[in-house]
Amino acid sequence: SQKRKIKGDIEFINVHFAYPSRKDVKILNGLSFTARQGETVALAGSVGCGKSTCIQLIQRFYEATSGDILIDGVPIREYDPYILRQHIGVVSQEPFLFSRTIRENIRFGKQGQIATDMEIEQVAKQANAHDFIEQLGKTKYDTVIGSGDSQLSGGQKQRVAIARGLLRNPVILLLDESTSALDYESERSVQDALDEASKGRTTIVVAHRLSTVRNADKIIVLDKGKIIEQGTHETLMKIENGKYCELVELQKLQNMNDIEDEEREKKT
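First residue of the sequence shown? That's 581 in this note's numbering, and the numbers climb one at a time after it.
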């Protein structure tokens with residue numbers, strides 16, 4: 581069973597979950613949804629609604645308290661965690677970058693397997709990172725970076741992290757989005773990279789910036805570990821007094837306030 585080729589169908593069936601250290605706090609309460617092979621599914625909702633927990637369960641860092649998670653129709657517990665994770669690319673959008681070269685940071689995505697320079701450049705192109713790397717003076721891919729380093733902007737770091745997540749050519753891509761605000765230009769370049777990265781892969785996005793998931797095949801809105809709304813961006817925006825609509829409007833206000841604050845700072 582370990583040699584089974586994974587296609588990338590994901591199904592949650594009545595999944596309940598509480599972290600072992602806080603068994604009295606239910607994080608997921610009977611969650612059921614599907615992400616078919618090649619689909620992009622976004623998980624949205626307020627902080628603490630269970631979005632990131634879903635990503636941890638798909639990687640088998642924890643087991644569901646009850647209910648089932650199926651990968652290609654097979655219960656996830658039947659997969660060897662190590663083999664399962666070889667088929668999964670993870671982009672944590674507060675990426676940890678080592679104080680090594682950009683090349684080494686991307687190569688880490690293969691975790692011990694050899695990656696050629698050509699493969700590294702190929703994923704950097706897919707992640708919209710190649711052009712800015714080529715402009716980093718003579719060193720380019722051999723530029724040394726560190727996670728506390730100011731050489732790379734937030735958007736550039738995210739694109740290096742996307743390249744790293746793509747290097748093993750995963751069947752399933754898990755994106756835990758950054759909560760940190762990016763300027764419009766960076767947001768566009770990261771968004772284009774994510775759109776490119778998710779092509780032909782089953783992609784689950786934990787959405788904080790809702791503007792980045794408008795194109796998802798399905799948006800699932802969670803509240804207290806349950807689904808309260810699901811559909812495309814267009815259908816969810818039509819729900820009167822809907823939670824998704826409320827979250828979108830709230831973010832628009834926050835963005836406007838952020839822009840006003842930036843303008844004020846420029847004047848002082």
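Glycine included, every Cβ here is placed at the ideal spot set by N, Cα and C.
Short Cβ contact (8 Å threshold) for ILE850 with THR723
It is not possible to answer for residue 850, since the shown part of the chain is limited to 581 through 848.
At least 3 beta-carbon pairs within less than 8 Å: the stretch 606-626 vs the stretch 790-798:
yes
Beta-carbon spacing of GLY745, VAL671 below 8 Å:
yes
Buried or exposed: GLY630, going by 16 or more other Cβ atoms within 10 Å of its Cβ?
buried
Quick check on the DSSP output: the beta strand (DSSP E) that includes THR783 runs from which residue to which?
782-786
So for PHE592, helix, strand or coil by DSSP?
strand
If you measure between the beta carbons of GLY863 and HIS596, is that distance less than 8 Å?
The first residue shown for the chain is 581 and the last is 848, placing residue 863 beyond what the model contains.
May I have a chain-ordered list of the alpha helix (DSSP H) segments no shorter than 4 residues that lie completely inside the stretch 582-666?
631-638 and 661-666
Length of the line joining the Cα atoms of ASP803 and LYS720:
45 Å
Pick from GLN639, ILE651, THR848 and LYS823: whose alpha carbon is nearest that of TYR662?
GLN639
Host alpha helix (DSSP H) of SER769 (start-end)
764-777
Taking buried to mean at least 16 other C-beta atoms within 10 Å of its own C-beta, is ARG844 buried or exposed?
exposed
With a cut-off of 8 Å on the beta carbons, I'd call ARG739 and SER769 a contact; round off their distance for me.
7 Å
Please report the Cβ distance between ARG789 and GLU757, rounded to the nearest whole angstrom; I am assuming they are in contact, meaning their Cβ atoms lie under 8 Å.
6 Å
Could you check how far apart the C-beta atoms of LEU747 and ALA695 are, in whole angstroms? I think they sit under 8 Å.
6 Å
Alpha-carbon to alpha-carbon, GLU767 and ILE839:
14 Å
Alpha carbons only, please: which of LYS603, VAL828 and LEU677 is nearest the one belonging to GLU643?
LYS603
Tell me whether THR614 is buried or exposed, calling it buried when 16 or more other Cβ atoms sit within 10 Å of its Cβ.
exposed
Own chain, CB closer than 6 Å to SER612, minus 5 neighbours either side, in chain order
PHE592, ILE593 and ASN594
Segments of 3+ residues assigned as beta strand (DSSP E) that fall wholly inside the stretch 705-758
752-756
Would you call LYS585 buried or exposed, if buried means 16 or more other Cβ atoms sit within 10 Å of its Cβ?
exposed
Using the Cβ count rule (16 or more neighbours within 10 Å means buried), how would you classify GLY689?
buried
Start and end residues, beta strand (DSSP E) containing GLU809:
806-811
Just reading off the alpha helix (DSSP H) that ILE800 is part of, what are its end residues?
Segment 798-803 is the beta strand (DSSP E) holding ILE800; no alpha helix (DSSP H) there.
Mapping DSSP to helix, strand and coil, what is ILE682?
helix
Rounded to whole angstroms, how far is the Cβ of GLY669 from the Cβ of LEU753, which I believe are closer than 8 Å?
5 Å
Kindly give me the distance between the Cβ atoms of LEU637 and GLY805, rounded to whole angstroms, as I take these residues to be in contact under 8 Å.
Going by Cβ atoms, the distance from LEU637 to GLY805 rounds to 12 Å, so no, they are not a contact pair.
Can you check which of these residues, LYS606, LEU732 and ASP841, is closest to PRO675 by C-alpha distance?
LEU732
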